Amino acid sequence: MGQLVAAEARKAGDEVGAVLTSKDAGDISDKLRGHDVAIDFSIGEVVLKNIEACARANVPLVEGTTGWKQLEATAKQIVNEHSGALVYGANFSIGVNLFYRIVKHAAALFAAVDGYAPFIEEAHHNRKRDAPSGTALKLRDLMSEHLDLDIPTASTRAGYIPGTHRVGFDSEADQILLTHTARSRQGFASGALLAAHWISGRKGVFEFGEVIEEIIAAKRHIEHKTK
Numbered sequence: 030m031g032q033l034v035a036a037e038a039r040k041a042g043d044e045v046g047a048v049l050t051s052k053d054a055g056d057i058s059d060k061l062r063g064h065d066v067a068i069d070f071s072i073g074e075v076v077l078k079n080i081e082a083c084a085r086a087n088v089p090l091v092e093g094t095t096g097w098k099q100l101e102a103t104a105k106q107i108v109n110e111h112s113g114a115l116v117y118g119a120n121f122s123i124g125v126n127l128f129y130r131i132v133k134h135a136a137a138l139f140a141a142v143d144g145y146a147p148f149i150e151e152a153h154h155n156r157k158r159d160a161p162s163g164t165a166l167k168l169r170d171l172m173s174e175h176l177d178l179d180i181p182t183a184s185t186r187a188g189y190i191p192g193t194h195r196v197g198f199d200s201e202a203d204q205i206l207l208t209h210t211a212r213s214r215q216g217f218a219s220g221a222l223l224a225a226h227w228i229s230g231r232k233g234v235f236e237f238g239e240v241i242e243e244i245i246a247a248k249r250h251i252e253h254k255t256k
């Protein structure tokens, strides 16, 4: 993902000041200092270290790594203690974040009727470590706001699948399926770059959904003013 983000950034006219890998061990704060923003797609085990390094270097961070949900409270504390800035999310695809809103609305509709059993299925490439995916867990959380039911969640890890998430509502009479399929990982990079431009100059901790909400609200405001 790091190479893809760097390539997309250059294509958009942004300057890539440094690319850090697992070979850059130890404190990376000095290598980060002076940059406008950092984007991290690494592994869950090093997320807190990277968040702290960016906070100490006074560099806003876009955190695209998954598999560290249980550490969110600690991450927020680190950022706030250093007056830093962080955007994080289970998935930085703009399409997936719109999919979240569709699924949440669907769950509210099905909560009003009887006889439908919800379920979630997700599939990714065999190199993805966490299962279920962070996106599947986010979908389950959103659905649980309306459905007081156990929502079965199945995971598949095989081949080179970029990412597929399927939400279903099954009854004796019929089945409704909502599906998001990633054709490539480019969508994740585009979303991360969008968040990077958004977080520049801000302070605080934000979920990527907040970025999307603000962009949608701004678009609607402009459209309302032009009518």
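Our numbering numbers the first residue of the sequence shown as 30 and each following residue consecutively.
We put the beta carbon where it would ideally sit given N, CA and C, even for glycine.
In this text the structure is predicted, and so the values were computed from the model without any measurement.
H134, enclosing alpha helix (DSSP H) - first and last residue: Run containing H134: I123 to F139, per the alpha helix (DSSP H) assignment.
Rounded distance between the beta-carbons of N79 and D69, thought under 8 Å: Indeed they touch by this definition, with Cβ atoms about 5 Å apart.
K157 versus P191: straight-line alpha-carbon distance, rounded: CA-to-CA, the gap between K157 and P191 works out to about 10 Å.
Host alpha helix (DSSP H) of F217 (start-end): Element bounds for F217: Q215 to I228.
Secondary structure of V108, DSSP reduced to three states: Under the three-state reduction of DSSP output, V108 falls in the helix class.
Proximity below 7 Å, CB of I123 to CB of G220: Contact flag set, yes.
Extent of the continuous alpha helix (DSSP H) run through S184: Looking at the DSSP string, S184 is not in any alpha helix (DSSP H); the run it does join, the beta strand (DSSP E), is T182 to R186.
CA nearest to the CA of G163, picked from W97, G188 and V142: Cα-wise, what sits closest to G163 is W97.
K60 versus A160 - alpha carbon distance: Straight-line Cα distance between these residues: approximately 32 Å.
Endpoints, alpha helix (DSSP H) assigned at T164: Looking at the DSSP string, the run of the alpha helix (DSSP H) that includes T164 is G163 to S173.
Alpha carbon of S58 to alpha carbon of R85, nearest angstrom: So the two alpha carbons sit approximately 6 Å from each other.
Among N109, R231 and A225, the one whose alpha carbon lies nearest that of A41: Among N109, R231 and A225, the Cα nearest to that of A41 is on A225.
Neighbour-count burial assignment, G144, 16 or more Cβ in a 10 Å radius: With fewer than 16 other Cβ atoms from the protein chains shown falling within 10 Å of its own Cβ, G144 counts as exposed.
Proximal residues to F121 (C-beta, below 7 Å), its chain only, five neighbours per side dropped: Taking C-beta separations shorter than 7 Å and ignoring five residues to either side along the sequence, the partners of F121 in its chain run G93, F217, G220, A221, A224 and F237, following chain order.
Residue environment, Y269, which counts as buried when at least 16 other CB atoms sit within 10 Å: The structure shown does not extend to residue 269, since the chain is modelled only from 30 through 256, so no value can be given for it.
Euclidean distance between Cα positions of V132 and F139: Per the coordinates, the alpha-carbon of V132 lies some 10 Å from the alpha-carbon of F139.
For G233, the residue or residues it bridges with in DSSP: A114.
Through-space distance from S184 to D199, alpha-carbon basis: Taking the straight line joining both Cα atoms gives about 18 Å.
Inter-residue Cα distance where the pair is G31 and L178: One C-alpha to the other measures close to 38 Å.
Expected contact under 8 Å - CB spacing of R130 and N155 to nearest Å: So it is not a contact: roughly 30 Å between Cβ atoms.
Rounded separation between I228 and P89 - CA only: For I228 and P89, the distance between alpha carbons rounds to 7 Å.
Span of the alpha helix (DSSP H), counted from its first residue to its last, around Q99: In the DSSP assignment, Q99 falls outside any alpha helix (DSSP H) and carries neither an H nor an E.
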